[in-house]
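Position in the sequence shown (first residue = 1) + 207 = our numbering. Think of the CB as a built atom: it goes at the ideal place given N, C-alpha and C, for glycine as much as any other residue. Here the structure comes first, spelled out in structure tokens, and everything after it is commentary.
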Amino acid sequence: MIRSIVTRVLTVLFISAIITACQKEQKKQIDFPPTDLSKENLIPKPLKIIATNKAFGLDRHTAIYTNQKDEGFFEIGQFLADKIKAKIDLDVPVNEAGTNPIERIIYINRSDSLELNAPESYELYINPDSVIINSNTAEGAFRGIQTLRQIIPEQSNDTLAEQRIWPIPSGKIVDNPTFGFRGAMLDVARHFFSVDDVKKYIDLLAYYKINILHLHLTDDQGWRIEIKSWPKLTEIGGSTEVGGEAGGFYTQEDYKEIVAYASKHHMTIIPEVDMPGHTNAASVSYPFLNGNGKTPKLYEGTRVGFSTFDTRKDTVYAFIDDVVREISEITPGPYFHIGGDESHVTKKNDYIHFVEKVEKIVQKHGKKMIGWDEIASAEVDSSSISQYWSSGDNAQKAVKRGMKIILSPAKRAYLDMQYDTLSKHGLHWAAYIPVDSAYVWTPEEYEGIPMENILGVEAPLWSETISNMGELEYLAFPRVIGYSELSWTSKENRNWENYKLRLANQAPYLDRMDVKYYASPLIDWKKSKYSYKEIKKD
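Written as structure tokens, this is what we have:
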């Protein structure tokens, strides 16, 4: 406690010293109209908000300073400065005086406060002359600046001073996520999405504090990741997609670019190579892999369950070892996803044998195995992770094995499900999922799975019916925003009536980012100057 108090005192003294040293003229006090931080449209909703009804005036006399002793803090300060520039065209210097007298500062600080006892915890103090973001980690500080970004006004208040000024409501926010794993999945196998598309998705997800992007890299219709030791996987298996288009793939340099971009956003990439089913593209490329007894041909349809690897060939596992090794070498995150779903033509004993063999390969290369909920039928290690999508029985098997579970129930969390019968894109085999149904469920109490077994929530987006970024955005937004809140915000702070008001006010951000979101009639969307249409309609 004493150490925490000393840290805060030193922080205040440091900020005061910066302001005193940088000021070249007497600071003018600006009287802003009363504000209420608790009524800002923050998503996900923070753990605690205390409003003090004043404001911090963001303007050309503002500078960003960061902790310079610990890795990552300067980069976060520069990230914030870049986002401020993009949003309101204001240049804010980072760790330098700049060209204008400094009257107010934003300080991003590493704090050893005992109150910040989780990796992504942060405190945000907004005062008339300073904004202080405290966190034990750069990751937590990064989450904190997403909150700050959301409360910077779109419009300046030009009547209060000679220069343009953006008043930020004052107060204190103490925040920490419910789940450390908050994910979204993108299927780039059925239809391929470019590096730039994936980067844009990362930008949007990070704004709402999602920290996992799971890439479904292989399926019957396409193999999307270069494997140098097996080049035909992309030469042949990457040459098509659903509907017969040209397909595509990521070179390893492309993939590393995505991983680096995600890392800049404190986001972990999870690669998935789906097997032993969903493997037609691999078997077309190398027919010795095939185990269904039929001659493999390139496939452009959407049927599932017809393909399988030969699970009793040593050469198949040598192939898998190479694939896991090459991808793991360029994936810094702790996970490798082996798929494992809908392997209908694989005999049960062969399936179990396969999963148990591949688990050891994944562990050999230093990763934790994730698989869809079917993997719990094998004798897998408790360190492996089950991703619940369909079977409550499989979820309970995973619980009995002591496994962690990622919640992705198809009838609640699948982003490729249609909103309703009029939806332009998507399917409805699991359910229609309107915006309210996507939000109004409780992960902490789902299907009787104990809280201690829940790793987090992930919203998968399968791409059978979409082929470009606009169609992706239509299905993902706004529902993925709700999943961010379900993953981060405590259940006591979640309320549909309040959430839909905050969601309505995300329209200016989504419009500024040119997101072709579905303007659900359940939401009274706020109009903005960025709208490419008056209000987007289905």
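*Where do the ends of the beta strand (DSSP E) carrying H560 lie?*
Translated into the one-based positions of the sequence shown, residue 560 becomes position 353. That residue, H560, is in no beta strand (DSSP E); its alpha helix (DSSP H) goes K555 to K571.
*So what does DSSP say about R356, is it helix, strand or coil?*
The residue labelled residue 356 in the question sits at position 149 within the sequence shown. Correct three-state label for R356: helix.
*Hey, I613 and M624: beta-carbon distance below 8 Å or not?*
The residue labelled residue 613 in the question sits at position 406 within the sequence shown. The residue labelled residue 624 in the question sits at position 417 within the sequence shown. Taking 8 Å as the Cβ cut-off, I613 and M624 do not qualify as a contacting pair.
*Are there 16 or more other CB atoms within 10 angstroms of the CB of A325, so buried, or fewer, so exposed?*
Looking up residue 325 in the sequence shown gives position 118. Residue burial annotation: A325 is exposed, with fewer than 16 other C-beta atoms found within 10 angstroms of its C-beta.
*asked:* Check whether the segment 531-539 and the segment 560-578 touch, using three or more Cβ-Cβ pairs below 8 Å as the test.
replied: Using a Cβ-Cβ distance cut-off of 8 Å, the segment 531-539 and the segment 560-578 are in contact, since at least three pairs of beta carbons, one from each stretch, lie closer than that value.
*Identify every residue that forms a DSSP beta bridge with Y595.*
Here the question's residue 595 lines up with position 388 in the sequence shown. Beta-bridge partners assigned by DSSP to Y595: L614.
*asked:* Can you tell me whether S514 is buried or exposed? The criterion is at least 16 other CB atoms within 10 Å of its CB, across all chains shown.
replied: Within the sequence shown, the letter at position 307 stands for residue 514. Counting of Cβ neighbours within 10 angstroms places S514 among the buried residues, the total reaching 16 or more.
*Residue from K631, G484 and I656 whose Cα sits closest to the Cα of Y595*: Here residue 595 refers to the residue found at position 388 when the sequence shown is read from its first residue. It is I656.
_For Y457, list the residues DSSP reports as bridge partners._
Taking the first residue of the sequence shown as 1, we reach residue 457 at position 250. For Y457, which the question treats as bridged, DSSP gives the partners I432.
*Could you tell me the distance, in whole angstroms, from the CA atom of K255 to the CA atom of P650?*
Within the sequence shown, residue 255 is the residue found at index 48, counting from 1. Within the sequence shown, residue 650 is the residue found at index 443, counting from 1. Their backbone Cα atoms lie some 21 Å apart in a straight line.
_Under 8 Å: do the segment 582-595 and the segment 604-621 share three or more Cβ pairs, one atom per stretch?_
Of all C-beta pairs linking the segment 582-595 to the segment 604-621, three or more are shorter than 8 Å, placing the two stretches in contact.
_Suppose only complete runs of 4+ residues qualify. What are the alpha helix (DSSP H) ranges in the segment 602-673, listed by chain order?_
You should have 617-620 and 642-646.
_Status (buried if at least 16 other CB within 10 Å, exposed otherwise) for A345_ = Residue numbering aside, residue 345 sits at position 138 when the sequence shown is read from its first letter. With a 10 Å radius around the Cβ and a threshold of 16 neighbouring Cβ atoms, A345 comes out buried.
*Are P253 and T354 touching if we call contact CB-CB under 8 Å?*
Mapped onto the sequence shown, residue 253 falls at position 46. Mapped onto the sequence shown, residue 354 falls at position 147. Taking 8 Å as the cut-off, the Cβ atoms of P253 and T354 count as close.
*Kindly list the residues whose CB is nearer than 6 Å to the CB of I291, restricted to its own chain and excluding five residues on each side of it in sequence; keep chain order.*
For the purposes of this step, residue 291 is identified with residue 84 of the sequence shown, where counting begins at 1. Listed in chain order, the non-local C-beta contacts of I291 below 6 Å within the same chain comprise L297 and V299, local neighbours out to five positions each way being set aside.
_Buried or exposed by the 16-neighbour rule on C-beta atoms within 10 Å, applied to C229_ = Walking along the sequence shown from the start, residue 229 turns up at place 22. In this predicted model, C229 has a pLDDT of only 49, less than 50, meaning its place in the structure is not dependable enough to derive any value.
*A391 and G429: beta carbons closer than 8 Å?*
Walking along the sequence shown from the start, residue 391 turns up at place 184. Walking along the sequence shown from the start, residue 429 turns up at place 222. In this structure, A391 keeps its C-beta atom at 8 Å or more from the C-beta atom of G429.
*Compute the beta-carbon to beta-carbon distance between S691 and P251, rounded to the nearest angstrom, for a pair I have assumed lies under 8 Å.*
One-based indexing of the sequence shown puts residue 691 at position 484. One-based indexing of the sequence shown puts residue 251 at position 44. The pair is a contact, with the Cβ atoms about 5 Å apart (cut-off 8 Å).
_Spatial neighbours of A714 within its chain, please: C-beta separation below 6 Å, excluding the five flanking residues on both sides._
One-based indexing of the sequence shown puts residue 714 at position 507. Beyond the five residues adjoining it in sequence on each side, A714 comes within less than 6 Å, by CB distance, of W732, K733 and S735 in the same chain, given in chain order.
_Would K416 and W695 be called neighbours here (beta carbons separated by less than 8 Å)?_
Locating residue 416 in the sequence shown gives position 209, counting from the first residue. Locating residue 695 in the sequence shown gives position 488, counting from the first residue. If you check the CB distance, K416 and W695 come in under 8 Å.
*Let me know if E232 comes out buried or exposed under the rule of 16 or more other beta-carbons within 10 Å of its beta-carbon.*
Position 25 of the sequence shown, counted from the start, is the residue given in the question as residue 232. Residue confidence for E232 is low, a pLDDT of 41 falling below 50, so the modelled location carries little weight; the figure read from the coordinates is stated next. Counting other Cβ atoms within 10 Å of its Cβ, E232 stays below 16 and is therefore classed as exposed.
*Is the segment 304-315 close to the segment 260-273, with three or more CB pairs under 8 Å?*
Under the three-pair Cβ rule at 8 Å, the segment 304-315 counts as touching the segment 260-273.
_Separation of S377 from S597, as counted between CA atoms_ = Mapped onto the sequence shown, residue 597 falls at position 390. Mapped onto the sequence shown, residue 377 falls at position 170. Each residue's alpha carbon lies about 45 Å from the other.
*In chain order, what residues of the same chain lie with their CB nearer than 6 Å to the CB of A258, ignoring the 5 residues before and after it?*
For the purposes of this step, residue 258 is taken as the residue at position 51 of the sequence shown. Within the same chain, A258 has close Cβ partners D243, L244, S245 and G378.
*Where does T538 fall in DSSP's three states?*
The residue you call residue 538 lines up with position 331 of the sequence shown. In the structure shown, T538 sits in coil (DSSP, three-state: anything other than H, G, I, E or B).
*Through-space distance from A583 to P494, alpha-carbon basis*: Residue mapping note: residue 494 aligns to position 287 of the sequence shown, counting from 1. Residue mapping note: residue 583 aligns to position 376 of the sequence shown, counting from 1. Answer to the nearest angstrom: the Cα atoms are 29 Å apart.
*Do the CB positions of S328 and S342 come within less than 8 Å of each other?*
Residue numbering aside, residue 328 sits at position 121 when the sequence shown is read from its first letter. Residue numbering aside, residue 342 sits at position 135 when the sequence shown is read from its first letter. Contact flag set, yes.
*According to DSSP, which residues form a beta bridge with F263?*
As a working mapping, residue 263 is identified with position 56 in the sequence shown. For F263, DSSP records a beta bridge to I375.
*Residues of its chain near L682, where Cβ-Cβ distance is below 7 Å and the 5 sequence neighbours each way are ignored*: Against the sequence shown, residue 682 aligns to sequence position 475. Contacts found: L622, D623, H632, G633, L668 and I673.
*Exposed or buried, what is M658 when buried is set at 16 or more other beta-carbons lying within 10 Å of its beta-carbon?*
By one-based count along the sequence shown, residue 658 stands at place 451. It counts as exposed.
*Helix, strand or coil for P494, going by three-state DSSP, please let me know.*
Translated into the one-based positions of the sequence shown, residue 494 becomes position 287. The answer is helix: DSSP assigns P494 an H, G or I state.
*Using the rule of at least 16 other Cβ atoms within 10 Å of the residue's Cβ for burial, across every protein chain shown, is R519 buried or exposed?*
The residue labelled residue 519 in the question sits at position 312 within the sequence shown. It is exposed - the Cβ of R519 has fewer than 16 other Cβ atoms within 10 Å.
_Secondary structure of T306, DSSP reduced to three states_ = Counting from 1 along the sequence shown, the entry for residue 306 is found at position 99. Here T306 carries a coil assignment [DSSP, helix/strand/coil].
*Could you have a look at K231 and say whether DSSP puts it in helix, strand or coil?*
The residue given as residue 231 occupies position 24 in the sequence shown. Only weak support is given to the placement of K231: the predicted model assigns it a pLDDT of 45, under 50, and the value that follows is read from those uncertain coordinates. In this structure, K231 counts as coil in the three-state DSSP scheme.
*Just the Cα atoms here: how many angstroms apart are L505 and A488?*
Residue numbering aside, residue 505 sits at position 298 when the sequence shown is read from its first letter. Residue numbering aside, residue 488 sits at position 281 when the sequence shown is read from its first letter. Each residue's alpha carbon lies about 7 Å from the other.
*Out of G689, N660 and L287, point me to the one whose CA is closest to V301's CA.*
For the purposes of this step, residue 301 is taken as residue 94 along the sequence shown, with counting starting at 1. If we check each option's Cα against that of V301, L287 comes out closest.
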